[in-house]
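4 is the number of the first residue of the sequence shown in our numbering; add one for each residue after it.
Think of the CB as a built atom: it goes at the ideal place given N, C-alpha and C, for glycine as much as any other residue.
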Amino acid sequence: TYLTRLWCIMELFTFVHMGGKAEDIVFVPVLRQGVEQDELALINGGFGKFNAKRCTCFDPEDKESMLGIIRAAFGSLLGFN
Numbered sequence: 004t005y006l007t008r009l010w011c012i013m014e015l016f017t018f019v020h021m022g023g024k025a026e027d028i029v030f031v032p033v034l035r036q037g038v039e040q041d042e043l044a045l046i047n048g049g050f051g052k053f054n055a056k057r058c059t060c061f062d063p064e065d066k067e068s069m070l071g072i073i074r075a076a077f078g079s080l081l082g083f084n
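Right, dumping it as structure tokens:
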């Protein structure tokens, strides 16, 4: 669920915005035994369908603030996605 939680995405945003390279980010999937391939397929599909606007956040005001920060840095959410 990392790719669906906006606070987690903001960690990635901050890393890249501070000069880090996206290709230096290493994701280590945590998979349940017996369904590893299914879960890995879901994770990989999540990358392809990622949309920051669909991310969840407990506080709607926090969500709008963070999306605004992303828009300001990338020109649009599409530029970030």
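- Residue range 63-77 is occupied by the alpha helix (DSSP H) that includes proline 63.
- In the three-state DSSP reduction, threonine 59 falls in the strand class (E or B).
- With contacts defined as CB atoms closer than 9 Å, alanine 44 and leucine 80 fail to qualify as a contacting pair.
- In terms of Cα proximity to leucine 9, the closest of Asp65, Gly49 and Glu26 is Asp65.
- No Cβ-Cβ contact shorter than 9 Å links leucine 15 with glycine 49.
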